[in-house]
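These notes concern the structure reproduced below.
Numbering (the working numbering), first residue to last: 15 to 727.
Rendered as structure tokens:
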């Protein structure tokens, strides 16, 4: 038995029970809520009145476990199990409480008491399994002197303030108070939690967010090596807690919550209110062994916390109500902050989702896959984007860009540049000219609105790709045999600099090769520069290609393998990845002609189309194709001054394209009975599977598609 003087000069005797955990090594703390960073003198008028005579100094802090390091097993010696020597690995002890434990206990009426549930939120400083000299049944509370209370409140509030989301904040409150301040805690929050100035509609419902208490351990053992039959289990203080509680208007719980201030559990108001939270089968501890603390945010009460002590531990004192009030205030403000942060995250996710394509097109001759990862949980909106834009002639524009910064502003600028790139691609401008117009647009947005961008156009018929770069990391081409090369593309200046020219290069795009476009977040970090990361990416592509031998690796798993090169932890930058597998269109499936704009050109076009269909075995489509080709070519030669182009492509459909030098797009209209013309597009619209017109820098292309007969391909 040890004697310990309390803050009022009374002699209080508390029984110190030997923990099942071996004695801590020198320099390790025994039981603290968090690392005390020096004594913080009373700055609050309320806490300034706490008694402050000298008391026992708290033990130094226990070093936090490394992530993944196991904690000590408190019952190993009591059960006669082998216990590791100091410094040796120790079995992990799951922590009790948590949402799952709370829900299970409430649903089963406390039948699952004493079951430890693994912490699903995160690791925190390790707590002792039993009440040691500083935190368990012997000492009784966070400190009997004003200085000790101040140190405890300071450490606990700092720990609560570190949380960002609801789980982290509630976990911080639980870990800070158990076992130093209480033996068990229940935290209830409103469901749903109101956001900002929202006025909740309907009844006030409290839902159990988390419970926490000392793990089930043995007590009454002076000798840790004593046999197990002397063990006495600790009662479950929160086993019958209600998972959901509807606060009745005018009821006792509503009155306590309206009062805002913490109250002892044996007060008349709390004694009537606590059964709604603890459950009817749970006896409310007598004397001052329970504190019910409302959690009031900036505008309203958002929950409640219940602090409980066992019967063999010293009861709460009057000054402990001030401690509970401080803990409740900081927790409620943290919950308000987390709710607002959650709404911002939702807005950011929605903004980012609308800025990026929901799905990629899959034009004939190329297969596409993409990935996007935000920088971190605290910066979910970034300026990285990617896009794939179908162009006339089965070509496709591949775009990837990166706006400087990670903010709503960066995302908004990214959205404007992406829209501009789509508009310019629709005009079928050369890649270098597209970057030039993007540069002008960025300058109009502001002098500091800079971004990098890579724009490429792939032609599956010619098996060629044209690439222009504006300060972006170079693409990597993975060949079919497993060779990977960094393409030599002139880097250029970022868009937004102004007054610079962009140079485009044309390269071979062999069938089976894969082009990888990415942003610098994939290859650059605090531990490696850009070029080191690019080389590591190239080597990873080679290693991945070896797994599939002569065949190219599947596109989606390839993207996952590429992202696998990222290390653990938060990323410094967001990542956009676009992969294109070149399949191409065989020359035997393409027919192309130049036709002079003469009156007899329509008949010539019909004969050429008939020969191509015969060669492909598509005689069933001859009548429809001749009729539609005749109508479209007739419209083209009527106004064209230069040769008209006619191209037929056989892929999964039959596509016909007619190009001329007139920029005006045709418009479908209803011809009157007296009109001599105006029926050509009407026929195209009725007979073709799809049709359209695209404006080019040199004029326009009118195209239509027909379904192939079932036996043709």
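Ideal Cβ positions, reconstructed from N, Cα and C, are used throughout, including at glycine.
- Below 8 Å between beta carbons: does that hold for residue 453 and residue 512? Indexing the chain shown from 1 puts residue 453 at position 439. Indexing the chain shown from 1 puts residue 512 at position 498. Yes, the Cβ-Cβ distance between residue 453 and residue 512 is below 8 Å.
- Straight-line CA distance for residue 451 to residue 715? The sequence position of residue 451 within the chain shown is 437, counting from 1. The sequence position of residue 715 within the chain shown is 701, counting from 1. Residue 451 and residue 715: Cα-Cα distance of roughly 23 Å.
- Task: Could you tell me which residues DSSP pairs with residue 482 in its beta bridges?
- Result: Here the question's residue 482 lines up with position 468 in the chain shown. According to DSSP, which records beta bridges pairwise, residue 482 is partnered with 469, 518.
- Query: Since residue 596 is in the beta strand (DSSP E), which residue starts that stretch and which ends it?
  - Reply: The count along the chain shown starts at 1 and reaches residue 596 at position 582. Segment 589-596, the beta strand (DSSP E) holding residue 596.
- Query: Can you round the beta-carbon distance between residue 175 and residue 344 to whole angstroms, since I take them to be within the 8 Å contact cut?
  - Reply: For the purposes of this step, residue 175 is taken as the residue at position 161 of the chain shown. For the purposes of this step, residue 344 is taken as the residue at position 330 of the chain shown. Correct: roughly 7 Å between the Cβ atoms.
- Query: Going by the CB atoms, is the gap between residue 533 and residue 416 shorter than 8 Å?
  - Reply: By one-based count along the chain shown, residue 416 stands at place 402. By one-based count along the chain shown, residue 533 stands at place 519. In this structure, residue 533 lies closer than 8 Å to residue 416 by Cβ.
- Item | Whole alpha helix (DSSP H) elements within the stretch 399-452, 4-residue minimum | 422-440
- I think residue 468 touches residue 414, with their Cβ atoms under 8 Å apart; what is that distance to the nearest whole Å? The residue given as residue 468 occupies position 454 in the chain shown. The residue given as residue 414 occupies position 400 in the chain shown. At roughly 5 Å, the Cβ-Cβ gap stays under 8 Å, so residue 468 and residue 414 are in contact.
- Query: Straight-line CA distance for residue 291 to residue 317?
  - Reply: Stepping through the chain shown from its first residue, residue 291 is reached at position 277. Stepping through the chain shown from its first residue, residue 317 is reached at position 303. About 11 Å.
- Message: So, for residue 517: in the same chain, excluding its five sequence neighbours on each side, which residues have a beta-carbon less than 6 Å away from its beta-carbon?
- Response: Counting from one through the chain shown, the residue named residue 517 turns up at place 503. So the list reads 504, once near-sequence residues are dropped.
- Query: Can you tell which of 385, 365, 441 has the C-alpha that lies nearest to the C-alpha of residue 423?
  - Reply: The sequence position of residue 423 within the chain shown is 409, counting from 1. When each option's Cα is compared against that of residue 423, the closest is 365.
- Which partner residues does residue 509 have in the DSSP bridge list? The sequence position of residue 509 within the chain shown is 495, counting from 1. 465, per the DSSP bridge assignment.
- Message: For residue 404, tell me which candidate among 387, 381, 385, 377 has the shortest Cα-Cα distance.
- Response: One-based indexing of the chain shown puts residue 404 at position 390. Minimum Cα distance to residue 404 is reached at 377.
- Message: For a test of the three-state rule: what should DSSP assign to residue 227, helix, strand or coil?
- Response: As a working mapping, residue 227 is identified with position 213 in the chain shown. The answer is strand: DSSP assigns residue 227 an E or B state.
- Message: For residue 311 and residue 225, what's the separation of their Cα atoms in angstroms?
- Response: As a position in the chain shown, residue 311 is number 297, starting the count at 1. As a position in the chain shown, residue 225 is number 211, starting the count at 1. Spanning the two alpha carbons is a distance of roughly 20 Å.
- Message: When you compare the stretch 349-363 with the stretch 377-387, are there three or more beta-carbon pairs, one atom per stretch, that lie closer than 8 Å?
- Response: no
- Query: Would DSSP call residue 602 helix, strand or coil?
  - Reply: Walking along the chain shown from the start, residue 602 turns up at place 588. If DSSP states are grouped into helix, strand and coil, residue 602 belongs with the helices.
- Query: For the alpha helix (DSSP H) that contains residue 541, what are its first and last residues?
  - Reply: For this step, residue 541 is matched to residue 527 along the chain shown. Element bounds for residue 541: n/a, residue is neither H nor E.
- Query: Is the stretch 328-342 touching the stretch 623-634 in the sense that three or more CB pairs, one from each, lie closer than 8 Å?
  - Reply: no
- Message: Quick check: the Cα distance between residue 277 and residue 359, rounded to an integer number of angstroms?
- Response: For the purposes of this step, residue 277 is taken as residue 263 along the chain shown, with counting starting at 1. For the purposes of this step, residue 359 is taken as residue 345 along the chain shown, with counting starting at 1. Their Cα atoms are separated by approximately 36 Å.
- Item | Of the residues 383, 498, 566, 489, the one placed nearest residue 556, counting alpha carbons only | Taking the first residue of the chain shown as position 1, residue 556 is located at position 542. Looking at the Cα atoms, 498 is the closest of the given residues.
- Item | Within 8 Å, strictly: CB atoms of residue 412 and residue 352 | As a first step, residue 412 must be located in the chain shown, where it is residue number 398. As a first step, residue 352 must be located in the chain shown, where it is residue number 338. Cβ atoms of residue 412 and residue 352: not closer than 8 Å.
- Query: Can you give the Cα-Cα distance for residue 639 and residue 696, rounded to whole angstroms?
  - Reply: As a working note, residue 639 is residue 625 in the chain shown. As a working note, residue 696 is residue 682 in the chain shown. Near 15 Å, if we compare the C-alpha coordinates of residue 696 and residue 639.
- Message: Determine whether the beta carbon atoms of residue 698 and residue 646 lie at a separation below 8 Å.
- Response: Walking along the chain shown from the start, residue 698 turns up at place 684. Walking along the chain shown from the start, residue 646 turns up at place 632. Closer than 8 Å, so yes.
- Is it the case that the Cβ atoms of residue 288 and residue 279 are separated by a distance below 8 Å? As a position in the chain shown, residue 288 is number 274, starting the count at 1. As a position in the chain shown, residue 279 is number 265, starting the count at 1. Yes, Cβ-Cβ distance for residue 288 and residue 279 is below 8 Å.
- Item | Cβ pair residue 319, residue 201 closer than 8 Å | Residue numbering aside, residue 319 sits at position 305 when the chain shown is read from its first letter. Residue numbering aside, residue 201 sits at position 187 when the chain shown is read from its first letter. Taking 8 Å as the Cβ cut-off, residue 319 and residue 201 qualify as a contacting pair.
- Span of the beta strand (DSSP E) around residue 674: Residue 674 sits at position 660 when you count from the first residue of the chain shown. It spans 667-674 - the beta strand (DSSP E) in which residue 674 sits, taken as one unbroken run.
- Item | Residue environment, residue 325, which counts as buried when at least 16 other CB atoms sit within 10 Å | Locating residue 325 in the chain shown gives position 311, counting from the first residue. Flag for residue 325 reads exposed.
- With 16 other Cβ atoms within 10 Å as the buried cut-off, status of residue 602: Within the chain shown, residue 602 is the residue found at index 588, counting from 1. Under this definition residue 602 is an exposed residue.
- Query: Which residues bound the beta strand (DSSP E) around residue 716?
  - Reply: Indexing the chain shown from 1 puts residue 716 at position 702. Taken as a continuous stretch (DSSP letters only), the beta strand (DSSP E) holding residue 716 covers 713-721.
- Could you have a look at residue 178 and say whether DSSP puts it in helix, strand or coil? Taking the first residue of the chain shown as position 1, residue 178 is located at position 164. DSSP places residue 178 in coil when its eight states are reduced to three.
- Message: Considering just the uninterrupted stretch of the alpha helix (DSSP H) at residue 648, what are its terminal residues?
- Response: Translated into the one-based positions of the chain shown, residue 648 becomes position 634. That run of the alpha helix (DSSP H) goes 636-653.
- Query: So what's residue 274 in DSSP terms, helix, strand or just coil?
  - Reply: Here residue 274 corresponds to residue number 260 of the chain shown, with the count starting at 1. The answer is coil: DSSP assigns residue 274 none of H, G, I, E or B.
- Message: How far does the beta strand (DSSP E) with residue 263 in it extend, from its first residue to its last?
- Response: In the chain shown, counting from the first residue as 1, residue 263 sits at position 249. Unbroken run through residue 263: none, as it is neither H nor E.
- Message: Short of 6 Å in beta carbon distance, which residues of its chain neighbour residue 723, apart from the five on each side in sequence? Order them along the chain.
- Response: Residue mapping note: residue 723 aligns to position 709 of the chain shown, counting from 1. Cβ within range, chain order: 634.
- In three-state DSSP terms, what is residue 682? Stepping through the chain shown from its first residue, residue 682 is reached at position 668. The answer is coil: DSSP assigns residue 682 none of H, G, I, E or B.
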